[in-house]
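These protein sequence lines map, in sequence, to chains F and H. So in numbering that gives the first Met the number 0, spot 68 of the first sequence is number 67, and the numbers just go up one at a time. So in numbering that gives the first Met the number 0, spot 331 of the second sequence is number 330, and the numbers just go up one at a time. Note that CB positions come from ideal geometry on N, CA and C, so glycine has one too. Nothing here was measured: the structure is a model prediction, and the numbers come from that model. Please read the structure below before turning to the comments.
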Amino acid sequence: MIVALGSLLFAVQTQVVVVTGLSGEPQYAAAWAKLGGSVVDQAKLRWGVGDSSLVYLSENPAVDPARMTGRASRDAVLAAIGQVSRHTAKNDVVLLLLIGHGSEQGDEARLNLPGPDLTAPDLAQALRALSDQTVVVVNAASASGGFLKALAGPRRVVITATKSGFERNATMFGDFFVTALSSDAADADKNGRVSAAEAFQYASREVARAYETGKRLLTEHAQLDDSNGGALARAVGFALVPDTVSSDPRVSTLVAERRRLEAAITELRGRKARTDSTAYQRELEHLLVSLAEANQAIRAIQRQTP
Amino acid sequence: MKLPGIVGVVALAVAGVTCAGQESQDPVELRRRLTRALDRGEIATVERELSGREADPTAGYLLAEAAVHRGRARRADSLFRRVASVPGPLQALAEIRRAEGLVGSGSAAEARRTADQVARRLESAATNTALDWLALGIAYEILGAVTPAQFKDALSALDRAVAADSVLIEANLRLGQLLLGKYNAPDAKAAFAEALRRDPGNTRAALGLAEVALFEGRPDTYSLVEKAVKAGPGLARGIAVLARMDLDAEQTDSALARADLAIGLDSTAERAWAIRGAVLLLRGDTTGFRTAERLLRSHRPAPGGFYAEIAGALGRQRQYAAAARFAAEGVALAPGDPEVLTALGTNELRLGQIESGRAHLAEAFSRDPYHVWNKNTLDLLDDLAGYRTISTARFQLVGAPDEVELLALHLGPLLERAYDSLATRYQYQPPAPVRIELYRRHADFSVRTVGLAGLGALGVSFGSVLAMDAPSAREVGAFNWGSTAWHELAHAFTLGMTNHQVPRWLSEGLSVLEERRAKRGWGAQATPLFVAALKGNQLNPVSRLNDGFVRPRHGHDVILAYYQSSLMCEYLETTFGFESVRKLLAAFRDGAATGPAFQASVGLSMVELDRRFDSWLRTRFAGPMKSVAALRDSTVGPGELQLAMESGKRFRGAKQLDQAIAAFDRADRMFPEMADGESPAWFLAELYRERGDLPKAVDYLARVTRLNDSHYRANRIEAELRAKQGDDRGALAALDRATWISPYDVAMNEEAASLAAKLGATAEAIRFRRAVVALQPSDRAGAWFELAVAYRNSGDREAARREVLRALEEAPSFEKAQMLLLELRGGRP
Chain F
0 MIVALGSLLF AVQTQVVVVT GLSGEPQYAA AWAKLGGSVV DQAKLRWGVG
50 DSSLVYLSEN PAVDPARMTG RASRDAVLAA IGQVSRHTAK NDVVLLLLIG
100 HGSEQGDEAR LNLPGPDLTA PDLAQALRAL SDQTVVVVNA ASASGGFLKA
150 LAGPRRVVIT ATKSGFERNA TMFGDFFVTA LSSDAADADK NGRVSAAEAF
200 QYASREVARA YETGKRLLTE HAQLDDSNGG ALARAVGFAL VPDTVSSDPR
250 VSTLVAERRR LEAAITELRG RKARTDSTAY QRELEHLLVS LAEANQAIRA
300 IQRQTP
Chain H
0 MKLPGIVGVV ALAVAGVTCA GQESQDPVEL RRRLTRALDR GEIATVEREL
50 SGREADPTAG YLLAEAAVHR GRARRADSLF RRVASVPGPL QALAEIRRAE
100 GLVGSGSAAE ARRTADQVAR RLESAATNTA LDWLALGIAY EILGAVTPAQ
150 FKDALSALDR AVAADSVLIE ANLRLGQLLL GKYNAPDAKA AFAEALRRDP
200 GNTRAALGLA EVALFEGRPD TYSLVEKAVK AGPGLARGIA VLARMDLDAE
250 QTDSALARAD LAIGLDSTAE RAWAIRGAVL LLRGDTTGFR TAERLLRSHR
300 PAPGGFYAEI AGALGRQRQY AAAARFAAEG VALAPGDPEV LTALGTNELR
350 LGQIESGRAH LAEAFSRDPY HVWNKNTLDL LDDLAGYRTI STARFQLVGA
400 PDEVELLALH LGPLLERAYD SLATRYQYQP PAPVRIELYR RHADFSVRTV
450 GLAGLGALGV SFGSVLAMDA PSAREVGAFN WGSTAWHELA HAFTLGMTNH
500 QVPRWLSEGL SVLEERRAKR GWGAQATPLF VAALKGNQLN PVSRLNDGFV
550 RPRHGHDVIL AYYQSSLMCE YLETTFGFES VRKLLAAFRD GAATGPAFQA
600 SVGLSMVELD RRFDSWLRTR FAGPMKSVAA LRDSTVGPGE LQLAMESGKR
650 FRGAKQLDQA IAAFDRADRM FPEMADGESP AWFLAELYRE RGDLPKAVDY
700 LARVTRLNDS HYRANRIEAE LRAKQGDDRG ALAALDRATW ISPYDVAMNE
750 EAASLAAKLG ATAEAIRFRR AVVALQPSDR AGAWFELAVA YRNSGDREAA
800 RREVLRALEE APSFEKAQML LLELRGGRP
């Protein structure tokens, strides 16, 4: 299936479901509450997500009643997904972020929640209701690797913190992934949005660096599955600053020119290996300068507009 | 006749051995008793007892073994031949022992033919005695020179010999030697220990254990060898080992005397001849060396082991070029000898002749595939092929591809500065380029240095080839890689200007002193252990400073020796001027021994120098000596300082901050120069920080970082607090110091770059921004952009343009980079 990737960049709504599981220790409860809260704040402030499109389930909702919307039981998670599916429009983006401790029993990967665990098949079943949406599932729990295969499918980006159920140590991936969602540093192409792929790469790299710095054996190997050869993960993203739309026709023209130049640069980079390096550099600089001038012109118009 | 009760031992039916008045007429008992005597070095006893009985096979065999001990190859050959010609229990053993002698006398092909015949005969025999199994093991050893896999057959045969006769100690001893020869120290140790268990007092077994200790670098090696030699003074091998150890300790008089003593006992003892030769070469007596060489070669025409041993001895004296030269002579004479090929390859690698070294090691390994050192080194060279080299004016920096750029960025300029500084000070310039290899795995550095993992050192200097741990090889805070590189480079000067004849203690002492001079806080500083050792009279006098490096009695001796040596150098410089150090080095270059060298440079006898230095040390450390308990052997009792520290820690644990501060303050006044990571100053800094008294915290942190070059945390906190207080310059300096402990923190480099930019230190800003790029951060476009800004600020617009284009190639929509690009092209941003 081919997804109209361009549509993901513009004019889609985002729905967010955050789940933090059984902590076991106060230190995890506190850390996960902070992570979940951070995602909720970003969703509201930067991605334009309204309260009705936000679900935040946790082990103990009393910890942060302003943000947490309910208790993170298996049934509540599945119900929340059902609710989102009823309120979301075609082509919207749904981000499902799972934070916690995971486990694997038999071949069944699980997220540990109060009451029955949430299993990968449970979740796969529930996500069928979102077949018209682009779904980004991030399972940042330990032993989460088994969710990857179970959830993979069309219009899905599935990210797990570990490569299998055997990586059972508490993970660092979630911390860095959430950091990435609001970080300029993770926005590798500096387009003002952090794509799922950029956040994944940032988090993976920082996890590896943290383990290396601590001289510890890397016990979590994050994975990403994309139903579209990586293109979907690169296309679906989260804004670092709220999107603004200009109605000035001059801006529209310049934006069109900007898109043309960006496409030309992408095309040029694609044939870098086959191009003489001097010619490549000359053409690249020419295109980059033109792009910079187009952006400069857009900014100038926007400054003039009250 | 006593019949042994062990299966496989055949009673010796030897007729006609009737020597009235002898202790035992039973040939088995006779052989066992006199073999024990031989194993204890009582050669003359055996010769006396068996005098005139050469015709008897048992006596003849034992007399042949005695002749081997004395190096009388022809007599041994004749006696073994006679025994081998008579059917009997010793026939095969005598035949194969004769063949072993042929190897030494240059008839290796004939020896192998004999070994092959003996092996075939014994392999097809219906039953073999323990002596036959021993003979078969030796036959396989001989054949193993061309068919390495037969080493395992030799082990099996020797194992069967051991199993067949519990009192046949020779099989255990052979097993031990064979295993040690293949660098399998644990199994060799077990074999020698078993021999000693079966025959308590067996000197050869005790010596074998001592040689295992030597191989393992254990501190008790010398005493073990001495003990073995004392128990068996007639064994040349033990005396030759002592000679080798004396030479390693640069005690050439003693080494020569012992080598000669060993040669007197066994005129074919290759190791003893090699030590004699090495001493003569180190003294510049080439004629004497050639005479020694000629004498040995009159017995052994192609003594590969002799040249390998010489190369080893010279290599341990850091005479790598000479070592390679003599190893090459050995290879010319014995082209297939893996031992001498190894010596040649190893020293070529030390000289930076990587390809030739690799070829010789590969050749050695093809002939001896059980050689662990060569296997490790060849594997390392394969890895090294993937390393990248970055060159500066006088240096080649070699490192792992993902970090060499970062390391070279910091280290290149430092080494160039070090070279200039040291060249001025020593009035000497080592040959360039100097190659420095930075290993990201300590085990690789260890293999590069000694062929095996497990070396405790951080770096090594072979002259103009240096190798060291990269900062990534160890835990953060384990060492300072900048001061280590400076240290190793200083060796290149002291080795080079003395033709590698500088004593180890002086070279190490000067290197540590140069570390201290290089940067604030670098180099070893005073510790309570050192003061305790001084107070307990546990430090070596100058005349025996080398012992601390090559014959440490305790684990801490080496650490103490480094610092003490550096203080000696400091004493010389401050008392007599640095010219005296240069004169001292010149005297060593000219071949002077330590005493005359000091006489020539400072005009003092060793006794007087020892006295004055000791007095200088006691004056310098008079304060802390009052509060530190004396070191006795390897233990220190609790002194006032330690009690104050413990008290401070207790109060701190109980959150009684005032009392904790008072206790640590008391400790600090006792020993303000204490450099340990957990010094009173460190605790006081922490306590004042907890109280929010930042100026005081900074004062104490500054002391910690001035005395300890590896305290990463102290530097990071100092930087943070100084920045908070507006002391950007101090903060930047602290971050720079932290970089030399661990350069891998992206945020730290970014912070340093920002501070440098704020201070207008554009070169520093560029260095730190380049470091961020080299660290391959997640935000690569951002890193290139900031580097472009740093270049722009320095006025280098072309470099700025290059970097901003890199940023935009990665992230075309990067607004700030677009603005900079337009600015650099002359347009308004």
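Chain-ordered neighbours of residue i on chain H, where CB pairs are closer than 9 Å
| i | result |
| --- | --- |
| F:Tyr-201 | Ser-777, Asp-778 |
| F:Thr-212 | Val-475, Ser-741, Tyr-743, Asp-744 |
Limits of the unbroken alpha helix (DSSP H) element including residue i
| i | result |
| --- | --- |
| H:Val-703 | 693-706 |
| H:Tyr-306 | 303-315 |
| F:Phe-176 | 172-180 |
| F:Glu-58 | Segment: none, F:Glu-58 is in no alpha helix (DSSP H) and carries neither H nor E. |
| F:Glu-211 | 195-212 |
| H:Met-244 | 235-247 |
| H:Arg-766 | 761-773 |
| H:Ala-472 | Per DSSP, H:Ala-472 belongs to no alpha helix (DSSP H) and is neither H nor E. |
| H:Arg-448 | Just to set this straight, residue 448 of chain H is Thr in the shown sequence, not Arg. Looking at the DSSP string, the run of the alpha helix (DSSP H) that includes H:Thr-448 is 441-449. |
| F:Asp-225 | Run containing F:Asp-225: none in the alpha helix (DSSP H); it sits in the beta strand (DSSP E), 222-225. |
| H:Ser-278 | Sequence inspection shows Val at residue 278 of chain H; the Ser mentioned does not correspond to that position. H:Val-278 -> alpha helix (DSSP H) spans 269-281. |
Cβ-Cβ separation, residue j to residue i (assumed contact under 8 Å), whole Å
| i | j | result |
| --- | --- | --- |
| H:His-486 | H:Arg-317 | Actually they are not in contact, since the Cβ atoms of H:His-486 and H:Arg-317 sit about 15 Å apart, beyond 8 Å. |
| H:Ala-291 | H:Arg-275 | 5 Å |
| H:Asp-245 | H:Arg-257 | 6 Å |
Amino acids of chain F, ordered along the chain, whose beta-carbon sits closer than 9 Å to that of residue i
| i | result |
| --- | --- |
| H:Phe-478 | Chain F residues near H:Phe-478: none, gap ~14 Å exceeds 9 Å. |
| H:Tyr-182 | Neighbours of H:Tyr-182 on chain F: none; closest Cβ ~29 Å, over 9 Å. |
Length of the line joining the Cα atoms of residue i and residue j
| i | j | result |
| --- | --- | --- |
| H:Glu-814 | H:Leu-821 | 11 Å |
| H:Glu-514 | F:Ala-119 | 59 Å |
| H:Pro-776 | F:Ser-182 | 13 Å |
| H:Arg-796 | H:Tyr-790 | 7 Å |
| H:Arg-552 | H:Glu-225 | 14 Å |
| H:Gln-817 | F:Thr-277 | 21 Å |
| F:Phe-9 | F:Ile-80 | Low confidence applies here, because F:Phe-9 scores a pLDDT of 42, under 50, leaving its location unreliable; read the following figure in that light. Approximately 23 Å between the Cα atoms of the pair. |
| F:His-100 | F:Asn-111 | 6 Å |
| F:Met-0 | F:Val-250 | Its pLDDT being 29, under 50, F:Met-0 is placed unreliably by the model, and the measurement read from it follows with that caveat. Near 34 Å, if we compare the C-alpha coordinates of F:Val-250 and F:Met-0. |
| H:Pro-429 | H:Leu-494 | 9 Å |
Contacts that residue i makes with chain H (C-beta to C-beta distance below 8 Å)
| i | result |
| --- | --- |
| F:Arg-273 | None at all; the shortest Cβ gap to chain H is about 16 Å. |
| F:Arg-268 | Glu-808 |
| F:Glu-205 | Ser-777 |
| F:Gly-261 | Checking the sequence shown, residue 261 of chain F turns out to be Glu, not Gly. Simply Pro-811, Ser-812. |
Amino acids of chain H, ordered along the chain, whose beta-carbon sits closer than 7 Å to that of residue i
| i | result |
| --- | --- |
| F:Val-17 | Simply none; closest approach about 23 Å. |
Where residue i meets chain F, residues with beta-carbon distance less than 7 Å
| i | result |
| --- | --- |
| H:Phe-813 | Lys-189 |
| H:Gly-781 | Asp-183, Ala-184 |
| H:Arg-768 | Within 7 Å Cβ-Cβ: nothing; H:Arg-768 doesn't reach chain F, min ~15 Å. |
| H:Leu-820 | Leu-287, Val-288, Ala-291 |
Cβ-heavy atom distance, residue i to the ligand ATP, below 7 Å
| i | result |
| --- | --- |
| F:Val-93 | The ligand content of the structure shown is nil, which means the ligand ATP is not present either. |
N- and C-terminal bounds of the beta strand (DSSP E) containing residue i
| i | result |
| --- | --- |
| F:Ser-102 | 101-104 |
| H:Leu-603 | First-last for H:Leu-603: undefined, no H or E at that position. |
| H:Tyr-438 | 433-438 |
| F:Thr-19 | 13-19 |
| H:Gly-458 | 458-460 |
| F:Glu-107 | 107-110 |
| H:Leu-61 | Counting along the chain, H:Leu-61 falls outside any beta strand (DSSP E), though it belongs to the alpha helix (DSSP H) covering 56-69. |
Amino acids of chain F, ordered along the chain, whose beta-carbon sits closer than 8 Å to that of residue i
| i | result |
| --- | --- |
| H:Gln-817 | Leu-287, Leu-290, Ala-291, Asn-294, Gln-295 |
| H:Leu-804 | Gln-280, Leu-283, Glu-284, Leu-287 |
| H:Leu-457 | Ordered by position in chain F, no residue passes the 8 Å Cβ test against H:Leu-457, which lies about 16 Å from the chain. |
Any C-beta of chain A under 8 Å from that of residue i
| i | result |
| --- | --- |
| H:Arg-173 | Absent from the structure: chain A. Protein chains present are F and H. |
* Give a yes or no on contact between the stretch 160-167 of chain F and the stretch 136-151 of chain F, applying the rule of three or more CB pairs nearer than 8 Å. => yes
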